[in-house]
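Protein chains in written order, with my numbering: chain A, 381 to 594; chain B, 7 to 209.
Glycine is no exception: its CB is placed at the ideal position from the N, C-alpha and C atoms.
In this text, all values refer to a predicted model and were calculated from it rather than measured experimentally.
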Amino acid sequence: MNPVQATAASLGLLVCHACGLLSRPAPDSHDARCPRCGAHLHFRKPDSITRTWALLITAMILYIPANLLPMMNTSSLFGSQSDTIMSGVVYFWTSGSWYLALIIFFASIMVPMLKMIALVLLLVTAQSHSRWQQDQRARLYRLVEFVGRWSMLDIYVVAVIVALVQLQGLATIQPGPGAIAFGAVVVLTMFAAMAFDPRLIWDPVEKQHGRNTA
Amino acid sequence: MTASAPLIACHECDLLQREVPLPQGGVVRCGRCGAELYRSHPHSLERTLALTAAAIVLFAIANSYPIVGLKLQGQLIQTSLFHTVKTLYDEDMKSIAALVFTTTMLMPALELLAMTWLLLPLRLGRAPLGFAPVFRVLQAVRPWGMVEVLMLGVLVSMVKLAHLATLVPGIALWSFGALMLLMAAVAAVFDPRELWARVSAVR
């Protein structure tokens, strides 16, 4: 029961990211396409590390205004008020809805931050061809891909509240600039996770193996 | 394991592996990185198509009725999803409006349409027109539909507004709840491998 310990790339085979078909590219072609579904084929996602860094650094910069600027501006007869993400969490916590405070704290503050830290870790280890904890890093990547969308939660909360309160005339609630920055962070980190090629985690195995047998 | 079993490569770590036959409902994971390679779904195509048809009906209801209403001084104020997007747009928050529209209306709609486009002709024994491009659109669109996150967002905002006025859950709230479950079921039952096998069989 010896498994075939070779990667598709090491045998010159391309995997289609869309339909999963294995194919061998024509020897003189620059622009390989999947013979079954026509998607562009690459051994590894092109410039994966550079692109992921670029998207990630932009997201990190925008994470600052996303947390400091108000998500919502409320103005009523009793004065006006600005709410950031954190003040929303504090509001829920002090008004007794501690479970909602936890949900928002995790979805809006912890998840984006942990996601960015995880991507930095994946990028740095991939760049240094590290063989450290590869299966755990693969798991981390799957977690990052799965969990990222939940950060959109606060955007929807703001949207629904603005639409409902707008109509009743007692108070006006407007979305603040923090919402734009926050939305951008969520979208950019999702693109960053998509740009990262998880196969880079495992490529050092091949190199090590090649060196040993050569 | 026979030497003639077809090779597949893990999409997450590129390791080549031989395909193995599966019992019903079984899952094959990559031997190195643990990513799911494929699973067996009996009648995947028929089930996916049925769930998609149900999801389309619920999608239509969810988008034409109000999600929640506020009852205040005898007045009932309601908002639908489209109205929410429009308010954001009028408030000069065009980027947020676009984001909400794309992730909760456009992308789920495209996903359901693409699914039907691929599955219905195949069920009838014909090859769908433009199968490969539509399949790629489907793959690209899927991560961006966020109905389940919207659902949680609506619930959180309801709690936030509960002290202001009486909340009246709308028809669309229940429809979105059911739509969320159906779209998760579509994603779980959908089997791209069977799809490609059926297409090559029809051709």
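Item                                                                                                                                                                                                    : Value
For G563 of chain A and V542 of chain A, I'd like the C-alpha separation in whole angstroms.                                                                                                            : 16 Å
Which class does A506 of chain A belong to by DSSP, given the choice of helix, strand or coil?                                                                                                          : helix
Who are the near neighbours of W478 of chain A in its chain, counting only those whose CB is closer than 8 Å to its CB and skipping five residues on each side?                                         : F472
Just tell me which of A:L501, A:G476 and A:I465 has its CA closest to the CA of S488 of chain A.                                                                                                        : A:I465
Mind listing the chain A neighbours of I177 of chain B? Cutoff is C-beta to C-beta under 8 Å, in chain order.                                                                                           : Within chain A, no residue comes near I177 of chain B; the closest Cβ sits about 16 Å away, beyond 8 Å.
Closest Cβ-Cβ distance between F141 of chain B and chain A: below 8 Å?                                                                                                                                  : yes
Could you give the first and the last residue of the continuous alpha helix (DSSP H) run that contains A406 of chain A?                                                                                 : Run containing A406 of chain A: none; DSSP gives neither H nor E here.
My assumption, with CB atoms under 8 Å, is that F196 of chain B sits in contact with T54 of chain B. Please give the rounded CB distance.                                                               : 5 Å
Less than 8 Å between CB atoms is the rule here; does S477 of chain A satisfy it with respect to chain B?                                                                                               : yes
Look at E18 of chain B and C39 of chain B and say whether their C-beta atoms are less than 8 Å apart.                                                                                                   : yes
Can you check which of these residues, B:M186, B:A41, B:P48 and B:P12, is closest to G31 of chain B by C-alpha distance?                                                                                : B:P48
Examine the Cβ distances between the stretch 84–97 of chain B and the stretch 118–130 of chain B and report whether three or more of them are shorter than 8 Å.                                         : no
Tell me the residue span of the alpha helix (DSSP H) that contains P27 of chain B.                                                                                                                      : Where P27 of chain B is concerned, there is no enclosing alpha helix (DSSP H), given that its DSSP letter is neither H nor E.
Leaving out the 5 sequence neighbours to the left and right, which residues in its chain are closer than 6 Å to A595 of chain A when beta-carbon positions are compared?                                : Since the first residue of chain A shown is 381 and the last is 594, residue 595 of chain A is not available in this structure.
I'd like to confirm the pairing. Which residues does DSSP put opposite H397 of chain A in its beta bridges?                                                                                             : Paired residue(s): none; H397 of chain A is not in a bridge.
By the 10 Å Cβ neighbour count, where 16 or more other Cβ atoms means buried, how is G558 of chain A classified, buried or exposed?                                                                     : buried
Tell me which same chain residues have a C-beta within less than 8 Å of the C-beta of L503 of chain A, skipping the five on either side of it?                                                          : I429, T432, W433, L436 and F576
Write down every uninterrupted run of the alpha helix (DSSP H) in the stretch 423–467 of chain A whose length is 4 residues or greater and which is fully enclosed by it, in chain order.               : 428–448
Starting from the C-beta of G556 of chain A, find all residues in its chain whose C-beta is less than 7 Å away, skip the five residues before and the five after it, and write them out in chain order. : L449, P450, M451, M452, N453 and S462
For a cutoff of 8 Å on Cβ pairs, would you count M189 of chain B as touching chain A?                                                                                                                   : no
Hey, quick one: how far does the alpha helix (DSSP H) through Y95 of chain B stretch, first residue to last?                                                                                            : L87 to D96
Flag this pair as touching only if the stretch 400–417 of chain A and the stretch 130–143 of chain B have three or more C-beta atom pairs under 8 Å; answer yes or no.                                  : yes
Which residue or residues does DSSP assign as beta-bridge partners of T172 of chain B?                                                                                                                  : B:K77
Kindly say whether M532 of chain A, judged by its beta-carbon, lies nearer than 8 Å to any beta-carbon of chain B.                                                                                      : yes
Would you kindly check if the distance between the Cβ of L401 of chain A and the Cβ of R413 of chain A is under 8 Å?                                                                                    : no
Closer than 9 Å by beta-carbon distance: list the chain B residues that pair up with V395 of chain A, in chain order.                                                                                   : I14, A15, C16, H17 and D20
In chain A, which residues lie with their C-beta within 7 Å of the C-beta of V195 of chain B?                                                                                                           : Within 7 Å Cβ-Cβ: nothing; V195 of chain B doesn't reach chain A, min ~18 Å.
So G159 of chain B contacts chain A; which residues on that side make the cut at Cβ distance below 8 Å?                                                                                                 : M532, L533, D534, I535, Y536, V537, A539 and V540
Tell me whether the stretch 53–73 of chain B and the stretch 177–195 of chain B touch, counting them as touching only if at least three CB pairs, one residue from each stretch, are closer than 8 Å.   : yes
Span of the beta strand (DSSP E) holding T552 of chain A?                                                                                                                                               : T552 to P555
In chain A, which residues lie with their C-beta within 7 Å of the C-beta of M152 of chain B?                                                                                                           : R529 and M532
Just to confirm my understanding: we take H397 of chain A, look at its own chain, exclude 5 residues before and 5 after, and list those with CB closer than 7 Å. What are they?                         : A419
Mind pulling the chain B residues with CB within less than 8 Å of G563 of chain A?                                                                                                                      : S101, I102 and L105
Do we get a CB-CB distance below 8 Å when we pair S467 of chain A with the residues of chain B?                                                                                                         : no
Does E18 of chain B come out as helix, strand or coil in the three-state DSSP assignment?                                                                                                               : coil
Name the DSSP beta bridge partners of L402 of chain A, please?                                                                                                                                          : A:V395
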